[in-house]
Ligand code: RNT
Ligand code: ZN
């Protein structure tokens with residue numbers, strides 16, 4: 057056994073003993089962590105370009121940076137994703153968008169997309185034992201150029217997008233059926249105004265009616281789970297977003313669909329962590345877009361910050377990990393894109409692990425007894441407990457690089473693959 061491995065194992069044993077004193081079984085925690093699938097956003101790999109030949113990203117989202125090596129083809133994107141997945145412990149999901157269809161040269165507009173256009177993705181996912189999630193693409197298309205899609209005042213344009221939404225739900229069900237892991241199909245539309253609207257109501261009513269039509273299509277809910285994602289503002293929709301959080305919270309509760317909370321889509325001091333327990337009393341499932349807002353941007357690579365830890369703590373403390381789908385949503389073109397995936401996903405898993413290692417029962421007991429001093433004292437002391445030793449051991453056991461060792465692998469891949477593109 058190499059020295060390094062011995063050191064990791066003995067640190068783990070020490071950590072295990074410390075957590076055991078609080079009644080936490082670290083072995084069990086690692087089994088629990090291994091059962092969680094994080095949905096990794098494919099669009100980090102190609103700067104949200106897709107394979108439709110369009111160079112322009114619209115919809116009020118933006119990627120900056122021109123780090124070399126962005127994936128240009130489906131095969132390159134899958135190869136890069138597979139590389140990232142090999143550096144991340146556990147079995148996960150990959151989240152794709154309708155614009156990543158492969159129509160093999162045939163013309164298929166967004167409303168004509170079919171499962172067969174995603175067959176390569178499914179076959180690839182099967183070989184890796186991962187699941188797929190899906191998103192209709194309501195941006196980067198001529199019929200979204202004036203900033204409206206499902207809430208457009210022109211019924212023909214609305215109809216086009218409704219058809220797209222329905223097509224995507226069928227594709228989602230195909231993913232779920234083929235892969236044996238339900239697919240979450242998430243609807244986000246960019247619709248909104250840069251400046252003050254005279255009518256806030258009518259577009260919202262149209263959005264509601266369009267969603268009703270999309271969801272009325274008969275799709276097997278065992279394989280496809282529908283989610284809706286709101287937003288506070290986008291670039292070019294600063295004054296008004298049709299699909300706001302209030303709109304979707306009410307819509308999801310009333311129609312029993314999954315509510316998507318994107319960490320970057322709220323006022324700066326508002327935290328999605330606090331929304332989880334509130335929303336889950338009224339909807340069955342939540343989808344999280346784990347992201348990091350920085351000033352006006354909502355999509356920086358996820359780092360191990362307080363917000364990330366609060367989100368994961370809420371999921372674990374409330375015991376709702378089977379009702380919350382965890383997906384990532386960020387895009388940074390200024391750093392190595394495989395590193396971006398690896399950093400963001402490993403951080404998400406670390407925060408989950410740290411939350412799972414918490415003796416929550418003890419904290420809740422202090423709280424019930426009114427001993428808020430002990431509650432705060434233990435919460436703070438736990439921050440410096442050796443959870444990182446448990447993480448290192450998990451990586452070792454899952455056969456992925458321990459600590460920063462993954463970086464050398466990414467650098468090698470950059471030399472051998474990315475810089476040759
Ligand atoms: C945009 C939303 C949405 C997108 C992806 C690409 O503000 O967050 O989730 O980021 O669908
Ligand atoms: Zn999002």
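Numbering (my numbering), first residue to last: 57 to 477.
Think of the CB as a built atom: it goes at the ideal place given N, C-alpha and C, for glycine as much as any other residue.
Keep in mind it's a predicted model, so treat the numbers as computed, not measured.
Enumerate in chain order the residues of its own chain whose CB-to-CB distance from residue i is below 8 Å, with the five nearest sequence positions on each side excluded.
i: residue 418; result: 78, 79 and 434
i: residue 423; result: 431
i: residue 416; result: 372 and 373
i: residue 67; result: 442, 445, 448 and 449
i: residue 350; result: 356
Does residue i have its Cβ less than 8 Å from a Cβ in chain D?
i: residue 311; result: The displayed structure is made up of one protein chain only, and chain D is not part of it.
Just checking residue i against the ligand ZN - is the residue's beta carbon closer than 7 Å to any of the ligand's heavy atoms?
i: residue 43; result: There is simply no residue 43 to check, as the chain begins at 57 and stops at 477 in what is shown.
i: residue 78; result: no
i: residue 447; result: no
i: residue 244; result: yes
i: residue 353; result: no
i: residue 318; result: yes
i: residue 345; result: yes
Should residue i and residue j be called a contact, given that it needs their Cβ atoms to be closer than 8 Å?
i: residue 381; j: residue 321; result: no
i: residue 218; j: residue 270; result: yes
i: residue 313; j: residue 284; result: yes
i: residue 133; j: residue 101; result: yes
i: residue 206; j: residue 194; result: yes
i: residue 358; j: residue 317; result: no
i: residue 277; j: residue 201; result: no
i: residue 89; j: residue 364; result: no
i: residue 414; j: residue 369; result: yes
i: residue 123; j: residue 290; result: no
i: residue 346; j: residue 309; result: no
i: residue 246; j: residue 293; result: yes
i: residue 304; j: residue 288; result: no
i: residue 445; j: residue 84; result: no
i: residue 224; j: residue 174; result: no
i: residue 462; j: residue 267; result: no
i: residue 234; j: residue 178; result: yes
i: residue 96; j: residue 150; result: yes
i: residue 145; j: residue 466; result: no
i: residue 238; j: residue 197; result: no
i: residue 348; j: residue 319; result: yes
Does the beta carbon of residue i fall short of 7 Å from some heavy atom of the ligand RNT?
i: residue 285; result: yes
i: residue 290; result: yes
i: residue 388; result: no
i: residue 382; result: no
i: residue 104; result: yes
i: residue 301; result: no
i: residue 173; result: no
i: residue 152; result: no
i: residue 217; result: no
Helix, strand or coil, according to DSSP, for residue i in the structure here?
i: residue 254; result: coil
i: residue 325; result: coil
i: residue 114; result: coil
i: residue 231; result: helix
i: residue 282; result: strand
i: residue 335; result: helix
i: residue 391; result: coil
i: residue 241; result: strand
i: residue 348; result: strand
i: residue 376; result: coil
i: residue 183; result: helix
i: residue 194; result: coil
i: residue 386; result: coil
i: residue 102; result: coil
i: residue 170; result: coil
i: residue 107; result: coil
Between which residues of its own chain and residue i is the CB-CB distance below 7 Å, once the five residues before and five after are set aside?
i: residue 353; result: none
i: residue 479; result: Nothing in the structure corresponds to residue 479, since the chain is present only between 57 and 477.
i: residue 216; result: 167 and 199
i: residue 127; result: 101, 102, 133 and 136
i: residue 401; result: 94, 96, 144 and 384
Measure from the alpha carbon of residue i to the alpha carbon of each residue in the options, then state which is nearest.
i: residue 168; options: 192, 148 and 177; result: 192
i: residue 244; options: 331, 153 and 327; result: 153
i: residue 406; options: 94, 463 and 267; result: 94
i: residue 464; options: 446, 395, 366 and 311; result: 395
i: residue 160; options: 107, 127 and 441; result: 107
i: residue 262; options: 273, 230, 299 and 295; result: 299
i: residue 203; options: 116, 329, 272 and 366; result: 116
i: residue 468; options: 453, 392 and 439; result: 392
i: residue 376; options: 360, 399, 333 and 403; result: 333
i: residue 307; options: 335, 458 and 138; result: 335
i: residue 378; options: 397, 362 and 344; result: 344
Near residue i, which residues of its chain fall below 6 Å by C-beta distance, leaving aside the five closest residues on each side in sequence?
i: residue 477; result: 125
i: residue 426; result: none
i: residue 171; result: 227 and 230
i: residue 220; result: 166, 167 and 192
So is the beta-carbon of residue i under 7 Å away from any non-hydrogen atom of the ligand FAD?
i: residue 385; result: Within the structure as shown, the ligand FAD is missing, the only ligands being the ligand RNT and the ligand ZN.
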